[in-house]
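>
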Amino acid sequence: MKDARNRVLVCGAAAVSAALAVSVGVLLSGYDVPLSLLLACCASCLATFSSLLFRVIDAWSTTTYRCRRPGCDFHLRLTLTDAAENRRWQEIAAHHPHRG
């Protein structure tokens with residue numbers, strides 16, 4: 004279920020990014036921007052919008068566990084895990100060996 008939802012979100016993010024890049028290209032073409040510069044701007048907009056949306060999707064589907072002990076920097080990130088796997092890693096994070 005989570006894999007299918009993630010695939011749909013990624014495909015949607017790619018489509019939205021492409022649509023935004025094309026709209027920027029259409030707006031710039033009205034100012035007689037040279038084709039090479041227009042393509043470069045559209046490509047950079049596509050990369051930027053895709054990166055932003057992929058980071059948002061990744062943050063939305065990721066769980067982070069951190070050690071609450073002062074001075075300990077132990078943390079782990081889980082992406083697309085089921086409840087049992089999530090619980091197992093939560094227990095590992097709670098009982099990890101501390102430094103010092």
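Residue numbers for the sequence shown follow this note's numbering, so the first one is 4 and each next one is one higher.
Every residue gets a Cβ at the ideal spot worked out from N, C-alpha and C, and that includes glycine.
All of these numbers come straight from a predicted model, not from anything done at the bench.
As an exercise, report each continuous beta strand (DSSP E) stretch of at least 3 residues that is fully enclosed by the stretch 57-103, in chain order.
Listed in chain order, the complete beta strand (DSSP E) runs (minimum 3 residues) inside the stretch 57-103 are 65-69, 78-82.
> Between the alpha carbons of Trp63 and Phe52, how many angstroms are there, rounded?
As a working note, residue 63 is residue 60 in the sequence shown. As a working note, residue 52 is residue 49 in the sequence shown. Whole-angstrom Cα-Cα distance: 17 Å.
> Classify Cys48 as buried or exposed, calling it buried when 16 or more other Cβ atoms lie within 10 Å of its own Cβ.
As a position in the sequence shown, residue 48 is number 45, starting the count at 1. When all chains shown are included, Cys48 counts as buried.
> Sort Ala46, Tyr68, Ile95, Cys70 by Cα distance to Val27 and report the nearest one.
The sequence position of residue 27 within the sequence shown is 24, counting from 1. For Val27, the nearest C-alpha among the options comes from Ala46.
> Skipping 5 residues on each side, what residues in its chain have a beta carbon closer than 8 Å to that of Ile60?
Taking the sequence shown and counting its residues from 1, the one referred to as residue 60 is at position 57. Excluding residues within five positions, the ones whose Cβ falls inside 8 Å are Asn9, Leu12, Val13, Ala16.
> With a CB to CB cut of under 6 Å and the five nearest residues on each side skipped, what residues in its chain are close to Ala87?
Walking along the sequence shown from the start, residue 87 turns up at place 84. Cβ within range, chain order: n/a, list empty.
> Measure the CB-CB distance between Tyr68 and Ala96 and report whether it falls below 7 Å.
Residue mapping note: residue 68 aligns to position 65 of the sequence shown, counting from 1. Residue mapping note: residue 96 aligns to position 93 of the sequence shown, counting from 1. Going by C-beta atoms, Tyr68 is nearer than 7 Å to Ala96.
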